[in-house]
Amino acid sequence: MNTATLLNYLIIMVVCAYGIAFFGGYLKQARTSPALVWVKNKNSKAPKILECIFIFVFAYKTAELLKSLLF
Numbered sequence: 013m014n015t016a017t018l019l020n021y022l023i024i025m026v027v028c029a030y031g032i033a034f035f036g037g038y039l040k041q042a043r044t045s046p047a048l049v050w051v052k053n054k055n056s057k058a059p060k061i062l063e064c065i066f067i068f069v070f071a072y073k074t075a076e077l078l079k080s081l082l083f
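Take the sequence shown: its letter number 31 is residue 43 in my numbering, and every next letter is one higher.
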């Protein structure tokens with residue numbers, strides 16, 4: 013595995029981890045974000061759906077990374 017591929021996996025995983033924390037409400041920024049408040053007012057399930065998408069992508073990329081490192 014070359015460095016660019018590894019960096020690609022890690023960048024996507026970091027972005028997904030940030031998305032999980034943001035849409036899950038674990039970050040202080042999420043509690044004061046006008047955009048997130050607007051999304052919650054439009055559709056209360058949207059942040060949880062986005063959080064689930066980020067969890068799925070994070071798990072998928074982690075599995076791909078482990079597969080490429082082990083085999």
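C-beta atoms are modelled at their ideal positions from N, C-alpha and C, and glycine is treated no differently.
| query | Does the beta-carbon distance from Phe70 to Ala29 come in below 8 Å? | reply | yes
| query | In chain order, what residues of the same chain have a beta carbon less than 8 Å from the beta carbon of Met13, not counting five sequence neighbours either side? | reply | Ser80 and Leu81
| field | Cβ separation of Phe66 and Phe35, assumed to be a contact under 8 Å, to the nearest whole Å | value | 7 Å
| task | Keeping to the same chain, check which residues put their C-beta closer than 8 Å to that of Thr44; ignore five residues upstream and five downstream. | result | none
| Can the beta-carbon of Pro59 be found closer than 8 Å to that of Lys52? | yes
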